[in-house]
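Participant:
There are 2 protein chains.
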Amino acid sequence: MKLPAPLLELLSTTFGPHGCFTDEAERIAYAYDNSRRNAMPDAVVFAQDHAQIETLIQACREHHVPVIARGRGTNTTGATVPVDGGVVVSFERMNRILRIDPDNRLAVVEPGVLNGDLQRELAPHGFFWPPDPTSSPWCSIGGNLACNSAGPRTVKYGSPRENTLGLRAVAGTGEGFRCGTYTSKGATGYDLTRLLIGSEGTLALITEATLKLTPKPSGLRTLRATYRNVSSAAHAVARIMAQPVTPCALEFIDDVALKLAHDHGGENVPLTGAMLMIEVDGEPDTLASAVDAVSRAAQGEGLEELRVAQTSEETQALWSARKALSPAQRTISPNKINEDVVVPVNRLPDLVEGIRRLSKKHDVLIVTFGHAGNGNLHVNLLPRDDAERERAHACLAEVFALVISLEGTLSGEHGIGLVKREFMPLALQASTLGLMRNVKAAFDPDGILNPGKLLP
Amino acid sequence: MKLPAPLLELLSTTFGPHGCFTDEAERIAYAYDNSRRNAMPDAVVFAQDHAQIETLIQACREHHVPVIARGRGTNTTGATVPVDGGVVVSFERMNRILRIDPDNRLAVVEPGVLNGDLQRELAPHGFFWPPDPTSSPWCSIGGNLACNSAGPRTVKYGSPRENTLGLRAVAGTGEGFRCGTYTSKGATGYDLTRLLIGSEGTLALITEATLKLTPKPSGLRTLRATYRNVSSAAHAVARIMAQPVTPCALEFIDDVALKLAHDHGGENVPLTGAMLMIEVDGEPDTLASAVDAVSRAAQGEGLEELRVAQTSEETQALWSARKALSPAQRTISPNKINEDVVVPVNRLPDLVEGIRRLSKKHDVLIVTFGHAGNGNLHVNLLPRDDAERERAHACLAEVFALVISLEGTLSGEHGIGLVKREFMPLALQASTLGLMRNVKAAFDPDGILNPGKLLP
Numbered sequence: 032m033k034l035p036a037p038l039l040e041l042l043s044t045t046f047g048p049h050g051c052f053t054d055e056a057e058r059i060a061y062a063y064d065n066s067r068r069n070a071m072p073d074a075v076v077f078a079q080d081h082a083q084i085e086t087l088i089q090a091c092r093e094h095h096v097p098v099i100a101r102g103r104g105t106n107t108t109g110a111t112v113p114v115d116g117g118v119v120v121s122f123e124r125m126n127r128i129l130r131i132d133p134d135n136r137l138a139v140v141e142p143g144v145l146n147g148d149l150q151r152e153l154a155p156h157g158f159f160w161p162p163d164p165t166s167s168p169w170c171s172i173g174g175n176l177a178c179n180s181a182g183p184r185t186v187k188y189g190s191p192r193e194n195t196l197g198l199r200a201v202a203g204t205g206e207g208f209r210c211g212t213y214t215s216k217g218a219t220g221y222d223l224t225r226l227l228i229g230s231e232g233t234l235a236l237i238t239e240a241t242l243k244l245t246p247k248p249s250g251l252r253t254l255r256a257t258y259r260n261v262s263s264a265a266h267a268v269a270r271i272m273a274q275p276v277t278p279c280a281l282e283f284i285d286d287v288a289l290k291l292a293h294d295h296g297g298e299n300v301p302l303t304g305a306m307l308m309i310e311v312d313g314e315p316d317t318l319a320s321a322v323d324a325v326s327r328a329a330q331g332e333g334l335e336e337l338r339v340a341q342t343s344e345e346t347q348a349l350w351s352a353r354k355a356l357s358p359a360q361r362t363i364s365p366n367k368i369n370e371d372v373v374v375p376v377n378r379l380p381d382l383v384e385g386i387r388r389l390s391k392k393h394d395v396l397i398v399t400f401g402h403a404g405n406g407n408l409h410v411n412l413l414p415r416d417d418a419e420r421e422r423a424h425a426c427l428a429e430v431f432a433l434v435i436s437l438e439g440t441l442s443g444e445h446g447i448g449l450v451k452r453e454f455m456p457l458a459l460q461a462s463t464l465g466l467m468r469n470v471k472a473a474f475d476p477d478g479i480l481n482p483g484k485l486l487p
Numbered sequence: 032m033k034l035p036a037p038l039l040e041l042l043s044t045t046f047g048p049h050g051c052f053t054d055e056a057e058r059i060a061y062a063y064d065n066s067r068r069n070a071m072p073d074a075v076v077f078a079q080d081h082a083q084i085e086t087l088i089q090a091c092r093e094h095h096v097p098v099i100a101r102g103r104g105t106n107t108t109g110a111t112v113p114v115d116g117g118v119v120v121s122f123e124r125m126n127r128i129l130r131i132d133p134d135n136r137l138a139v140v141e142p143g144v145l146n147g148d149l150q151r152e153l154a155p156h157g158f159f160w161p162p163d164p165t166s167s168p169w170c171s172i173g174g175n176l177a178c179n180s181a182g183p184r185t186v187k188y189g190s191p192r193e194n195t196l197g198l199r200a201v202a203g204t205g206e207g208f209r210c211g212t213y214t215s216k217g218a219t220g221y222d223l224t225r226l227l228i229g230s231e232g233t234l235a236l237i238t239e240a241t242l243k244l245t246p247k248p249s250g251l252r253t254l255r256a257t258y259r260n261v262s263s264a265a266h267a268v269a270r271i272m273a274q275p276v277t278p279c280a281l282e283f284i285d286d287v288a289l290k291l292a293h294d295h296g297g298e299n300v301p302l303t304g305a306m307l308m309i310e311v312d313g314e315p316d317t318l319a320s321a322v323d324a325v326s327r328a329a330q331g332e333g334l335e336e337l338r339v340a341q342t343s344e345e346t347q348a349l350w351s352a353r354k355a356l357s358p359a360q361r362t363i364s365p366n367k368i369n370e371d372v373v374v375p376v377n378r379l380p381d382l383v384e385g386i387r388r389l390s391k392k393h394d395v396l397i398v399t400f401g402h403a404g405n406g407n408l409h410v411n412l413l414p415r416d417d418a419e420r421e422r423a424h425a426c427l428a429e430v431f432a433l434v435i436s437l438e439g440t441l442s443g444e445h446g447i448g449l450v451k452r453e454f455m456p457l458a459l460q461a462s463t464l465g466l467m468r469n470v471k472a473a474f475d476p477d478g479i480l481n482p483g484k485l486l487p
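Chains A and B, in that order, are what the protein sequence lines are.
Residues 32 to 487 (this note's numbering) are what the first sequence spells out, left to right.
Residues 32 to 487 (this note's numbering) are what the second sequence spells out, left to right.
(1) Can you tell me which of the three DSSP states C91(B) falls into?
(2) Please confirm whether L307(B) and K290(B) have their CB atoms less than 8 angstroms apart.
(3) Count the other CB atoms within 10 Å of the CB of S166(A); is the residue buried (16 or more) or exposed (fewer)?
(4) Would you be able to state if there are at least three C-beta pairs under 8 angstroms between the region 253 to 268 of chain A and the region 42 to 60 of chain B?
(5) Tell whether a beta-carbon distance below 8 angstroms holds between S215(A) and N405(B).
(6) With respect to the beta strand (DSSP E) encompassing I284(B), which residues constitute its N-terminal and C-terminal limits?
(7) Does the region 441 to 459 of chain A come into contact with the region 370 to 388 of chain A, if we say contact requires no fewer than three beta-carbon pairs (one atom in each stretch) closer than 8 angstroms?
(8) Listed from N- to C-terminal order along the chain, which residues in the region 438 to 461 of chain B have their beta-carbon within a distance smaller than 7 angstroms of any beta-carbon of chain A?
(9) Short of 9 angstroms Cβ to Cβ, which residues in the region 212 to 226 of chain A face chain B?
(10) For the region 403 to 434 of chain A, which residues have a beta carbon sitting closer than 7 angstroms to at least one beta carbon of chain B?
(11) Which one or two residues does DSSP pair with F52(B) in a beta bridge?
(12) Output needed for H293(B): all residues of its chain with C-beta closer than 6 angstroms, excluding positions within five of it in sequence on either side, in chain order.
(13) I think V114(A) touches L459(A), with their Cβ atoms under 8 angstroms apart; what is that distance to the nearest whole Å?
(14) Determine whether the Cβ of I397(B) lies closer than 8 angstroms to any Cβ atom of chain A.
(15) In the DSSP assignment, find the alpha helix (DSSP H) that holds E152(A) and state where it starts and stops.
(16) Write down every uninterrupted run of the alpha helix (DSSP H) in the region 237 to 289 of chain B whose length is 4 residues or greater and which is fully enclosed by it, in chain order.
(17) Could you have a look at V376(B) and say whether DSSP puts it in helix, strand or coil?
(18) Of the residues M71(A), E93(A) and A60(A), which one's Cα is nearest the Cα of D477(A)?
(19) Rounded to a whole number of angstroms, what is the C-alpha to C-alpha distance between R255(A) and E336(A)?
(20) Quick one: what does DSSP say E298(B) is sitting in, helix, strand or coil?
(21) Considering V325(B), what are the terminal residues of the alpha helix (DSSP H) in which it resides?
(22) Could you name the residues of the same chain whose beta carbon sits closer than 8 angstroms to that of R468(A), not counting the 5 residues immediately before and after it, in chain order?
(23) Could you pull the start and end residues of the alpha helix (DSSP H) that R101(A) belongs to?
(24) Name the two residues that bound the continuous alpha helix (DSSP H) containing L356(B).
(25) By the three-class DSSP mapping on this structure, what secondary structure does F122(B) have?
(26) If the criterion is Cβ atoms closer than 8 angstroms, does the pair Q89(B) and G205(B) meet it?
(27) Give me, in chain order, the residues of the same chain whose beta-carbon lies closer than 8 angstroms to that of C426(B); leave out the 5 immediate sequence neighbours on both sides.
(28) Quick one: Cα of K247(A) to Cα of P155(A), how far?
(29) Once the 5 residues before and after T463(A) are set aside, which same chain residues still bring their CB inside 6 angstroms of it?
(30) With a threshold of 16 other CB atoms inside 10 Å of the CB of D323(A), please say whether the residue is buried or exposed.
(31) Whose C-alpha, out of E344(A), A352(A), V434(A) and P358(A), is nearest the C-alpha of P375(A)?
(32) Let's test the definition: count the other Cβ atoms within 10 Å of the Cβ of E511(A) and tell me whether it reaches 16, buried, or not, exposed.
(33) Give the interface partners of A90(A) over in chain B, defined as CB-CB distance under 8 angstroms, in chain order.
(34) Could you tell me whether the region 169 to 185 of chain A touches the region 130 to 146 of chain A, using the rule of 3 or more Cβ pairs below 8 angstroms?
(35) Shorter than 8 angstroms from the beta carbon of C178(A) to some beta carbon of chain B?
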């Protein structure tokens with residue numbers, strides 16, 4: 032597509048010579064994201080304020096040109112790939128922390144603020160914002176909100192939907208609006224805040240967010256439990272979540288992942304059937320009893336060893352396996368298929384057994400690890416060549432069918448984007464999808480916001 | 032309105048002779064709610080399953096007849112009053128707990144289950160569902176979800192929007208659908224679950240809810256702090272919320288309310304400037320340090336006395352003032368105007384001072400108490416005759432303007448219903464209201480669900 036001249040002129044006026052680009056080199060840099068899919072945008076603009084976004088969307092609506100919002104492109108689903116061309120609007124320069132308000136346990140930020148930068152600014156006030164994707168040093172709050180991205184701490188503290196009070200945004204109609212509150216409670220009309228969170232830029236573009244802060248507990252203890260096999264570890268997860276002390280991280284790593292991490296520089300990684308990394312937090316004088324409660328629940332059939340880190344060096348060592356995993360996977364398969372299915376916690380044993388069976392059936396290497404406390408596992412298929420890639424795709428469809436049969440769903444924290452869109456009818460009834468389409472039309476009647484994503 | 036004969040026949044067939052009524056005596060009983068507004072419905076039906084609701088809405092849509100869902104009518108905003116006539120559908124007989132699943136920290140219930148009944152069934156499993164309106168023994172879960180009703184525990188555990196995983200419902204189109212998950216995490220499409228919560232039966236009728244359960248801490252300690260005046264108590268609330276130990280209740284009672292409670296049977300109620308009731312919960316060995324932390328924050332300018340209950344009898348005695356309040360208010364004014372405004376916690380001193388000023392200016396008795404930890408105060412205007420009633424309404428408009436000027440909002444937990452509808456443009460921009468109307472049309476294109484509520 033070639034953009035109409037009046038639109039190009041308006042973009043150039045609105046965003047200025049250093050904020051609007053149409054040359055190929057710039058466009059290529061914004062054509063792809065961490066999904067490794069790519070498609071060329073027709074222009075890239077860099078937003079600096081809310082008013083520019085209103086102008087942008089109104090103009091693009093008039094010319095029927097797609098608008099694709101982009102944080103830092105760390106998502107794995109292709110959610111920011113401009114499949115139908117159009118204008119990519121990057122929020123990376125709209126990155127001011129507008130207010131940190133510890134008295135009211137809130138912060139107001141622009142969407143381009145990096146998650147890690149915000150956490151660093153909050154720390155001296157004794158607060159944090161719970162969502163903690165692995166990419167937190169280089170992913171943006173706007174992206175976290177767009178995808179409802181979470182991380183290990185979600186098991187205790189919730190996802191962006193539980194940690195956001197209000198938003199300012201511009202709908203696909205081109206109209207700016209505010210929703211939500213500056214208060215920790217509100218029952219004034221429909222909850223548009225949560226509706227926008229996880230909508231992947233298909234309903235409105237977020238220009239400001241009021242985030243709910245949580246006091247940062249001053250104490251943390253790390254435990255590592257190894258098990259004879261994946262099944263006994265999965266059963267331990269269910270026991271831990273059925274007792275009252277909720278850990279602030281409860282991570283599962285299967286034997287295939289452990290071996291991979293061990294073979295790729297993780298010499299301290301135990302070679303065992305499965306491993307749990309468990310963290311509990313709280314005020315220092317409450318930690319001992321919390322560690323006891325979680326340890327009791329971790330014990331049971333198949334436990335091989337339970338270690339509690341006594342120093343920060345030991346904590347680092349315990350986490351080394353988990354950290355070594357991502358780079359290790361890349362060495363095997365540059366085209367890994369990275370899923371994040373989720374099932375009710377007590378169905379985890381069935382899920383890990385089922386995945387093992389499918390891995391054998393389709394002869395595809397599958398590594399399974401992740402946020403077990405939420406029943407949310409990263410199921411990574413690692414095809415090494417074209418033949419394996421074909422088998423991996425057949426296997427993936429069966430993984431999703433398995434997850435749905437266990438009362439689970441397609442994604443816990445990555446979202447749908449481009450790559451899981453076709454599987455949505457597996458997880459949602461036609462009537463639910465129909466209502467989602469109606470909601471899309473209510474915000475974006477001409478379908479210009481991030482077309483080709485989320486809804487099949 | 033007289034209902035069309037074919038519709039009446041269908042209702043009678045669908046709901047049976049004991050589930051469909053058109054005689055005046057039955058209709059009168061379903062004409063009003065706790066708002067004391069009333070309007071006659073043309074028929075009352077008692078639902079027992081999801082399929083009946085689909086049939087009902089499809090038929091009413093065909094005949095353009097309003098459908099008004101009703102739990103137990105305990106709301107204070109007129110949300111269940113059938114202002115345009117039509118069919119009231121009561122969920123009181125659709126009251127089965129379908130599943131209690133402690134392993135996955137969830138329960139599946141029909142909407143007519145009473146909040147208190149659910150809590151009682153959950154207790155032996157060691158869990159509870161956090162939302163706890165004062166009416167919990169006789170209000171329904173469906174009503175709690177429709178109004179996003181909360182209570183004292185919200186300050187620590189959140190409202191229905193933070194404690195619901197998924198829903199089954201029937202939209203105004205007549206189509207049944209499921210949304211949300213059985214898992215504690217999900218990023219599969221738009222969040223319709225939260226959108227329905229707090230929508231007061233204007234988008235869809237909920238027929239089943241999957242609730243997120245929380246482990247019930249086994250220990251609880253109650254504190255009572257009295258202060259020289261409302262301002263010093265309000266400042267103490269802000270101090271308590273700015274430190275890391277979050278109480279599970281933080282209730283404020285002003286001097287007018289204390290005197291009222293004292294004069295009406297509460298002989299143990301202290302006559303002082305203002306009072307805070309504070310509760311902390313946790314495992315028993317963590318309580319002492321939590322009580323210490325909260326006590327330190329409660330201390331400061333204007334504190335008169337801080338008591339910690341040592342026995343359950345003492346706890347009962349400390350709560351006696353709060354319990355005596357509601358009956359006491361009724362003796363003064365059967366027409367009390369019952370608001371539940373909310374402001375950021377550190378604006379509470381400005382709010383209570385401002386209300387005091389408005390009470391004097393308009394010469395209307397105002398009692399202020401409530402969930403101070405969320406900045407959510409019940410501002411009850413108590414007019415004793417017609418002249419005072421008129422002054423009270425003028426005063427109310429200024430109370431709302433004050434709240435908005437303090438970055439607050441109209442309602443923390445009661446919702447909008449009929450009585451606060453006209454004030455919505457104070458709290459929300461025209462563009463936000465416009466999007467809410469679009470969302471309404473997306474779910475209920477013919478506007479048959481609870482007309483005349485929530486949106487102005």
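Note that the Cβ used here is the ideal one computed from N, Cα and C, for glycine as well.
Treat the numbers as computed from the prediction; the structure is a model and nothing was measured.
Facilitator: Short version:
(1) The sequence position of residue 91(B) within the second sequence is 60, counting from 1. Residue state, collapsed to three classes: helix.
(2) Here the question's residue 307(B) lines up with position 276 in the second sequence. Here the question's residue 290(B) lines up with position 259 in the second sequence. Contact: no.
(3) Locating residue 166(A) in the first sequence gives position 135, counting from the first residue. Buried, because 16 or more other Cβ atoms sit within 10 Å of the Cβ of S166(A).
(4) Note that the region 42 to 60 of chain B does not touch the region 253 to 268 of chain A; fewer than 3 beta-carbon pairs, one per stretch, sit closer than 8 angstroms.
(5) Mapped onto the first sequence, residue 215(A) falls at position 184. Mapped onto the second sequence, residue 405(B) falls at position 374. The answer is yes: Cβ separation under 8 angstroms.
(6) One-based indexing of the second sequence puts residue 284(B) at position 253. A280 to D285 is the extent of the beta strand (DSSP E) around I284(B).
(7) yes
(8) Contact annotation: in the region 438 to 461 of chain B, residues whose CB is within less than 7 angstroms of a CB in chain A are E438, G439, T440, L441, S442, G443, E444, H445, G446, I447, M455, A458, L459 and Q460.
(9) T212, Y213, T214, S215, K216, G217, A218, T219, G220, Y221, D222, L223, T224, R225 and L226
(10) Look at the region 403 to 434 of chain A: the residues with a C-beta under 7 angstroms from a C-beta of chain B are N405, G406 and N407.
(11) As a first step, residue 52(B) is located in the second sequence; it is residue number 21 there, counting from the start. Note: F52(B) sits in a beta bridge opposite V75(B).
(12) On the second sequence, position 262 is the one that residue 293(B) refers to. Only V300 and L302 meet the Cβ criterion.
(13) Walking along the first sequence from the start, residue 114(A) turns up at place 83. Walking along the first sequence from the start, residue 459(A) turns up at place 428. The pair is not a contact, with the Cβ atoms about 21 angstroms apart (cut-off 8 angstroms).
(14) Counting from 1 along the second sequence, the entry for residue 397(B) is found at position 366. Judged by the 8 angstroms Cβ criterion, I397(B) is not in contact with chain A.
(15) Translated into positions along the first sequence, residue 152(A) becomes position 121. That run of the alpha helix (DSSP H) goes N146 to L153.
(16) 261 to 272
(17) Counting from one through the second sequence, the residue named residue 376(B) turns up at place 345. V376(B) falls in the helix class under three-state DSSP.
(18) Against the first sequence, residue 477(A) aligns to sequence position 446. The shortest C-alpha separation from D477(A) is found at E93(A).
(19) For the purposes of this step, residue 255(A) is taken as residue 224 along the first sequence, with counting starting at 1. For the purposes of this step, residue 336(A) is taken as residue 305 along the first sequence, with counting starting at 1. Roughly 8 angstroms between the two C-alpha positions.
(20) Looking up residue 298(B) in the second sequence gives position 267. Residue state, collapsed to three classes: coil.
(21) Counting from 1 along the second sequence, the entry for residue 325(B) is found at position 294. Counting along the chain, the alpha helix (DSSP H) containing V325(B) begins and ends at P315 to A329.
(22) For the purposes of this step, residue 468(A) is taken as residue 437 along the first sequence, with counting starting at 1. Cβ within range, chain order: L486.
(23) Position 70 of the first sequence, counted from the start, is the residue given in the question as residue 101(A). Element bounds for R101(A): not the alpha helix (DSSP H) but the beta strand (DSSP E), V98 to R101.
(24) Start at 1 with the first residue of the second sequence, and residue 356(B) comes out as number 325. That run of the alpha helix (DSSP H) goes S343 to I363.
(25) Counting from 1 along the second sequence, the entry for residue 122(B) is found at position 91. Coil at F122(B), not helix or strand.
(26) To locate residue 89(B), count along the second sequence from 1; it is residue 58. To locate residue 205(B), count along the second sequence from 1; it is residue 174. Yes, they are a contact pair.
(27) The residue you call residue 426(B) lines up with position 395 of the second sequence. Closer than 8 angstroms at the Cβ level, and outside the excluded window around C426(B), lie L389, S390, K392, H393, V395, I397 and L412.
(28) Stepping through the first sequence from its first residue, residue 247(A) is reached at position 216. Stepping through the first sequence from its first residue, residue 155(A) is reached at position 124. Distance between the alpha carbons of K247(A) and P155(A): 10 angstroms.
(29) Position 432 of the first sequence, counting from 1, holds the residue named residue 463(A). Excluding residues within five positions, none has a Cβ falling inside 6 angstroms.
(30) In the first sequence, counting from the first residue as 1, residue 323(A) sits at position 292. Residue environment for D323(A): exposed (fewer than 16 other C-beta atoms within 10 angstroms of its C-beta).
(31) Residue mapping note: residue 375(A) aligns to position 344 of the first sequence, counting from 1. Cα-wise, what sits closest to P375(A) is V434(A).
(32) Any property of residue 511(A) remains undetermined from this structure, which presents chain A solely from 32 to 487.
(33) In the first sequence, counting from the first residue as 1, residue 90(A) sits at position 59. Those within 8 angstroms of A90(A) in chain B number zero; the least Cβ separation is about 18 angstroms.
(34) yes
(35) If you number the first sequence from 1, residue 178(A) lands on position 147. So yes, C178(A) belongs to the interface.
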